[in-house]
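Asks: Structure below; questions to follow.
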Amino acid sequence: MNPFRFGAIVEGEYFTNRHQEIKELISDIESGQNVVLISQRRFGKSSMVNKALAGMNIKSIRLDLEIISDEVDLANAYVKKALALSPFEKLKSYIKTLKIQPAMEYNPATGDINVSFSPDSANKAAVVAESLELPEIIAKKQNRRVVVVFDEFQEIRRIAPNLEKKMRGIFQAHQNVSYIFIGSQESMIRDIFQEKKNPFYKFGRQKVLDSIPEKEMEAFVLKRFSSAGIDASGIVKDILAFTGCHPYYTQQLCHELYIAHEKGPFGRELIAEAIENIVTQHSADYKRWWNALDNTERKIVIGLAAGGNEATSKKFIQKYGIKTASTSGSAVGRLIDKGIIVRRDKNTHEIEDPFWKEWIVLNRN
Numbered sequence: 011m012n013p014f015r016f017g018a019i020v021e022g023e024y025f026t027n028r029h030q031e032i033k034e035l036i037s038d039i040e041s042g043q044n045v046v047l048i049s050q051r052r053f054g055k056s057s058m059v060n061k062a063l064a065g066m067n068i069k070s071i072r073l074d075l076e077i078i079s080d081e082v083d084l085a086n087a088y089v090k091k092a093l094a095l096s097p098f099e100k101l102k103s104y105i106k107t108l109k110i111q112p113a114m115e116y117n118p119a120t121g122d123i124n125v126s127f128s129p130d131s132a133n134k135a136a137v138v139a140e141s142l143e144l145p146e147i148i149a150k151k152q153n154r155r156v157v158v159v160f161d162e163f164q165e166i167r168r169i170a171p172n173l174e175k176k177m178r179g180i181f182q183a184h185q186n187v188s189y190i191f192i193g194s195q196e197s198m199i200r201d202i203f204q205e206k207k208n209p210f211y212k213f214g215r216q217k218v219l220d221s222i223p224e225k226e227m228e229a230f231v232l233k234r235f236s237s238a239g240i241d242a243s244g245i246v247k248d249i250l251a252f253t254g255c256h257p258y259y260t261q262q263l264c265h266e267l268y269i270a271h272e273k274g275p276f277g278r279e280l281i282a283e284a285i286e287n288i289v290t291q292h293s294a295d296y297k298r299w300w301n302a303l304d305n306t307e308r309k310i311v312i313g314l315a316a317g318g319n320e321a322t323s324k325k326f327i328q329k330y331g332i333k334t335a336s337t338s339g340s341a342v343g344r345l346i347d348k349g350i351i352v353r354r355d356k357n358t359h360e361i362e363d364p365f366w367k368e369w370i371v372l373n374r375n
């Protein structure tokens, strides 16, 4: 069995460290503290929250706002998740607490009850408000704390205007529910929680999830390979030099290395082969990403792929034929919002996916 997993929430032995962060998160949840988790995509935020909650005797629901289409869709998904907190026989009593009654449909094949509001509800704001109150109602009646986890919370700005204000007004009155907000579009999620003009200003303790320290990631990689009878001590530093200790991409490369190790010696040549395999597997995706960029955005990722990192500097702009610093700055902002590049500090950036970076280099040589 392959000792590495990626592409979904990972648990148990496949989870990459984060011991201190989990300890802090558990402490926050136990004290009823709302938490805002910020990091770039695929940094293990959701897996970390799952790991923390799995070790606690607490009920929780999770909602991924990225897959929600509008306010009524949000209300339907939220009610369904909230009702799952309660025993089957209690469902009707909780539904009766709602001023706007949803439709109920029993599925005899699965034993599930489907609860939904009409998509053309006359008062969508009231429907959303009703659904958002439900976890607090259930938690209060059961005399226990509930944790609500919102994945990709920045999506509320796409779902409906003024949704932030509605949510904040409801959530701030809740005494029995703690909220965890996960966001991967860093600039937007910071704006939601750090700008005074916005409703969620300072609503929770903010935690930025950084890269896992190289020493800890190295220990994880060696341990996982060792569990499969493989000594990776001679190449682990080369693996991490390529992935930058990014948990997702490290697991992806190691997963491919395990597959490829039967074909040859476990050395640096195998790393090159594994990288090439991944780039080939995702070539169609990488081409689609490239074709979606405008000319300025392409110039920036070309420069970053070639080893540059200060995309708004005079030297970078002149070298790659970008008109002005403001033009470059605007394009950098768009690329960050798209998740294509990430900010390392105030003036430096890098391509988020090291395999796409490799694809760009290979196709330009």
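Letter by letter, the sequence shown follows residues 11 to 375 of our numbering.
All C-beta atoms in this analysis are idealised placements derived from N, C-alpha and C, irrespective of residue type, glycine included.
In this text, all values refer to a predicted model and were calculated from it rather than measured experimentally.
Quick check for students: name the residue ranges of the alpha helix (DSSP H) that lie wholly in the segment 169 to 241, counting only runs of 4 or more.
Replies: If we require 4 residues or more, the alpha helix (DSSP H) runs fully inside the segment 169 to 241 come out as 173 to 181, 196 to 204 and 224 to 237.
Asks: Return the bridge partner residues of residue 48 from the DSSP annotation.
Replies: Here residue 48 refers to the residue found at position 38 of the sequence shown. Paired residue(s): 193 and 218.
Asks: Leaving out the 5 sequence neighbours to the left and right, which residues in its chain are closer than 8 Å to residue 208 when beta-carbon positions are compared?
Replies: The residue labelled residue 208 in the question sits at position 198 within the sequence shown. Same-chain partners within the cutoff: 174, 201 and 202.
Asks: Just the Cα atoms here: how many angstroms apart are residue 256 and residue 65?
Replies: Numbered from its first residue, the sequence shown carries residue 256 at position 246. Numbered from its first residue, the sequence shown carries residue 65 at position 55. C-alpha separation (whole angstroms): 25 Å.
Asks: So, does the segment 176 to 190 touch the segment 217 to 228, judging by three or more C-beta pairs under 8 Å?
Replies: No, they do not touch.
Asks: Taking residue 72 as part of the beta strand (DSSP E), name the residues at either end of that continuous run.
Replies: As a working mapping, residue 72 is identified with position 62 in the sequence shown. Note, residue 72: beta strand (DSSP E), 69 to 74.
Asks: Leaving aside the five residues before and after residue 344 along the sequence, list all residues of the same chain whose C-beta is less than 7 Å from its C-beta, in chain order.
Replies: If you number the sequence shown from 1, residue 344 lands on position 334. Answer for residue 344: 307, listed in chain order.
Asks: Which of helix, strand or coil does DSSP assign to residue 14?
Replies: Position 4 of the sequence shown, counted from the first residue, corresponds to residue 14. Residue state, collapsed to three classes: coil.
Asks: Give the straight-line distance between the Cα atoms of residue 251 and residue 144, rounded to the nearest whole angstrom.
Replies: Indexing the sequence shown from 1 puts residue 251 at position 241. Indexing the sequence shown from 1 puts residue 144 at position 134. Cα-Cα distance, rounded: 48 Å.
Asks: Taking the DSSP output, what are the residues bridged to residue 126?
Replies: In the sequence shown, the residue the question calls residue 126 occupies position 116. In DSSP, residue 126 forms a bridge with 113.
Asks: Bridge partners of residue 351, per DSSP?
Replies: Here residue 351 corresponds to residue number 341 of the sequence shown, with the count starting at 1. Per DSSP, 361.
Asks: So, under 8 Å CB-CB, residue 81 and residue 125 are touching, yes? Tell me the CB distance rounded to an integer number of Å.
Replies: Looking up residue 81 in the sequence shown gives position 71. Looking up residue 125 in the sequence shown gives position 115. Actually they do not touch by this definition, with Cβ atoms about 16 Å apart.
Asks: For a cutoff of 8 Å on Cβ pairs, would you count residue 343 as touching chain D?
Replies: Here chain D cannot be found, since the structure has a single protein chain.
Asks: Just grab the DSSP bridge partners of residue 161 for me.
Replies: As a working mapping, residue 161 is identified with position 151 in the sequence shown. For residue 161, which the question treats as bridged, DSSP gives the partners 74.
Asks: Following the continuous alpha helix (DSSP H) through residue 265, name the residue where it begins and the one where it ends.
Replies: Numbered from its first residue, the sequence shown carries residue 265 at position 255. Start and end: 257 to 270.
Asks: To the nearest angstrom, how far is the alpha carbon of residue 47 from that of residue 354?
Replies: Residue numbering aside, residue 47 sits at position 37 when the sequence shown is read from its first letter. Residue numbering aside, residue 354 sits at position 344 when the sequence shown is read from its first letter. Distance between the alpha carbons of residue 47 and residue 354: 18 Å.
Asks: To which residues of the same chain is residue 215 closer than 8 Å at the C-beta, ignoring the five residues directly before and after it?
Replies: Here residue 215 corresponds to residue number 205 of the sequence shown, with the count starting at 1. These residues qualify, in order along the chain: 38, 43, 44, 45 and 46.
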